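Chains A and B, in that order, give the protein sequences. Numbering-wise, numbering that gives the first Met the number 0 puts 132 at position 133 of the first sequence, and it's gapless, one number per residue. Numbering-wise, numbering that gives the first Met the number 0 puts 231 at position 232 of the second sequence, and it's gapless, one number per residue. For each residue, glycine too, the CB sits at the ideal point set by N, CA and C. The structure presented is a predicted model; accordingly, all values stated were derived computationally and were not measured. Heads up, the thing below is written out as structure tokens.
There are 2 protein chains.
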Amino acid sequence: MRIDALTTPALLVEASGLEANLRTMSDALPERRLRPHVKAHKCTALARRQAALGHHAFTCATIAEMEGMARAGLGEDLLLANEVVDASRLGALAREGTRVTLAVDSPATVDVAARAGVPEVLIDVNVGLPRCGCRPEDAGRLADRARASGLTVRGVMGYEGHVVGLEDRATREQMLEESMALLGRAHDDVGGAVVSAGGTGTYDLNGWATEIQAGSYALMDTAYAKLGLPFVQALSVLATVVSVSERWSVADCGLKALGMDHGNPTVADSDVWFCSDEHLTFAPAHRVRVGDRVRVLPAHVDPTVAYHRYLYLVDGDDVLDRWDVDLRGW
Amino acid sequence: MRIDALTTPALLVEASGLEANLRTMSDALPERRLRPHVKAHKCTALARRQAALGHHAFTCATIAEMEGMARAGLGEDLLLANEVVDASRLGALAREGTRVTLAVDSPATVDVAARAGVPEVLIDVNVGLPRCGCRPEDAGRLADRARASGLTVRGVMGYEGHVVGLEDRATREQMLEESMALLGRAHDDVGGAVVSAGGTGTYDLNGWATEIQAGSYALMDTAYAKLGLPFVQALSVLATVVSVSERWSVADCGLKALGMDHGNPTVADSDVWFCSDEHLTFAPAHRVRVGDRVRVLPAHVDPTVAYHRYLYLVDGDDVLDRWDVDLRGW
């Protein structure tokens, strides 16, 4: 099958780029040094490729991702790197034989885990990003409470989300060190074998963590492309030109096919003007015709993938496979 | 069932607000004066409510929306207000008895319609928004070509998308008049009974169009709320507070539950800081607790709805019904 036959917009993954990205990361962070984050691709077929390279522990962002990974036989060691207030579905997963670890950052979320029968937790520590995570000085006390509730505390996690996207590498390095000093202090109080942190932007800098939660590296986007990392942009959205006028053209790929929080997508040799619900208005350097196909490079991989039902694995214009984006929803 | 039992994030539609919006619009634009746009809600159960108020002609943005509406028995008069380069699925719909009208704006798209057996078209005219639509002076020639190809030309359409969101009503009115002058000129050349245009922001100003393609009015968002229209914000995303710290709190509703092209969502009595994939970081005026529910008001309704599988119709904290968002995808 050729990509010409696909209904557009369609999410394409260039097989050679994906394989190169997976191998580059595996070489840098073999086996348990990497805990791939599935939120970036939401696709168990892709996770299976990561597992085939030796990574059998995964990171998830939602309960639905945990359930989907378990259903796909990839439940050897799943971390939900988020707090939840109802862990009953996770308790059920654990009882069915999946290894379930849950992030906790408050007495309330510790109690949620204990009540639901989630056996293992990580103490989630705030390392500078204004989001979840307890204060470093509270981590030990929280671990004590967890252990007193019968939970196994595997260690700590702390996501330096305010650092991973910084374009200047030296700044990234310095701020990472500060973040990991906070996480280290918490780890001293908490104990346990696991220090989970990191992302695609810090994968080769974060020597403090025992495991890196990178996800975007597999598919990449234009935001991460600015960092000069050794990963190629394997993801694009195939669109069809439906209208051509003198100064601009229009393709059938818009706000319902692209995560827009990082801004407009990119089209090669073109100036992207704006997106509407089902349209991309752009000015191509070379005139296009109605019916032409263009590849649109998303600015942010994760919310883009979440709009699509399928990922098409391609080799240039040949479609090799169709993968379900089966970890969507909640 | 109470909303406390819903898995979050969950898309809520306040029944009283929805009903008020539908009635207000129906009173202003009865029956065929309104051709509701389904792209804003992507939900045939909601479209059925619009039909019950006398609107039996609908506007769609995708072929999948056309097919879904036909399948739901709402195919009395469906307009695809977009150009396509493969209309074979629309031809099939027409042969099965659905009334299918397709927008065309070029010789190529006229030929697409004719070849596929789509019986009726509207000449799509550019009225100022840099998107689809032919030049007004080309509309007559295009209509001739369509008729010569055996197509019935029902009239013209022209979407004043650059006008509908302008906050100043006088400016909106003036620019609308300019746009509709262009459409009127095209209509003189094209003929036909239909002049299709308009949106929620111009529904009560556009006296030139024979039918208004409004969609957002049913659910509304914070962008349209700035215009002082008589429609209430019926749509929200229910989220759960999962983490509380001194200066901010975090709810489980993020970039995969919200269209972000119009910026951050709004939470009552709160300052929204930013969204991550599955998180909303916000500073509430009054302290919240882990487990509390908050209602998040999206900035843009259409790309928000497209992320969700269900709409929950609610009356305050009571869940009245669950509607499939069954018109998603392509």
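Contacts that residue i makes with chain B (C-beta to C-beta distance below 8 Å)
i      : result
C59/A  : Near C59/A there are no residues of chain B at all, since even the closest Cβ is about 10 Å away, more than 8 Å.
P8/A   : W329
N125/A : S244
Bridge partners - residue i, DSSP secondary structure assignment
i      : result
V99/A  : L77/A
T151/A : E119/A
E210/A : S195/A
W322/B : L310/B
C59/A  : L79/A
S248/B : V243/B, F281/B
M156/B : D123/B, S195/B
C274/A : L279/A
R1/B   : D317/B
V295/B : V236/B, V266/B
Helix, strand or coil at residue i [DSSP, three-state]
i      : result
A196/A : strand
V231/A : coil
P135/B : helix
A71/A  : coil
T239/B : strand
L10/A  : strand
S269/B : strand
L182/A : helix
D316/B : coil
C168/A : Checking the sequence shown, residue 168/A turns out to be Arg, not Cys. Of the three classes helix, strand and coil, the one that applies to R168/A here is helix, per DSSP.
V289/A : coil
V84/A  : coil
R34/A  : coil
G90/A  : helix
Y202/B : coil
L17/A  : helix
R327/B : coil
P129/B : coil
S25/B  : helix
M219/A : coil
V163/B : coil
Amino acids of chain B, ordered along the chain, whose beta-carbon sits closer than 7 Å to that of residue i
i      : result
G328/A : R308
D104/A : S242
A305/A : K255, Y306
Contacts of residue i in chain A (Cβ-Cβ under 8 Å)
i      : result
D301/B : L254, K255, D276
Proximal residues of chain B, C-beta to C-beta of residue i below 9 Å
i      : result
T209/A : Near T209/A there are no residues of chain B at all, since even the closest Cβ is about 24 Å away, more than 9 Å.
Under 7 Å from the C-beta of residue i: neighbouring residues of chain A
i      : result
A107/B : V289, G290
Per-residue burial, residue i [other beta carbons within 10 Å of its own, 16 or more giving buried]
i      : result
D276/B : buried
H278/A : buried
M65/A  : buried
G72/B  : exposed
E119/B : buried
A4/A   : exposed
K41/B  : buried
M0/A   : exposed
K255/B : buried
R94/B  : exposed
L319/B : exposed
A56/A  : buried
K38/A  : buried
D314/B : exposed
P297/B : buried
P29/B  : exposed
H285/B : exposed
Residue i at chain D interface by Cβ criterion, 8 Å
i      : result
P297/B : Looking at the structure shown, chain D is missing, and the protein chains on hand are A and B.
Closer than 7 Å: residue i CB and nearest the ligand FAD heavy atom
i      : result
L279/A : With respect to small molecules bound, the structure shown includes none, and the ligand FAD cannot be examined in it.
Output needed in chain order: residues of the region 240-251 of chain B with a Cβ under 9 Å from some Cβ in chain A. V240, V241, S242, V243, S244, E245, R246, W247, V249, D251
For the region 127-161 of chain B, which residues have a CB atom closer than 9 Å to at least one CB atom of chain A, in sequence order? L128, P129, R130, C131, G132, C133, R134, G160
Between the region 258-291 of chain B and chain A, which residues of the former have CB atoms less than 7 Å from a CB of the latter, in chain order? G258, M259, D260, W272, C274, S275, D276, E277, H278, T280, V289, G290
Contacting positions in the region 79-103 of chain B - beta carbon closer than 7 Å to chain A: N81, E82, V83, V84
Output needed in chain order: residues of the region 11-26 of chain B with a Cβ under 9 Å from some Cβ in chain A. For the region 11-26 of chain B, the beta-carbon criterion of a distance under 9 Å to any beta-carbon of chain A is satisfied by none of its residues.
Below 8 Å between beta carbons is the criterion; list the residues of the region 199-225 of chain B that meet it against any residue of chain A, in chain order. Answer set for the region 199-225 of chain B: empty.
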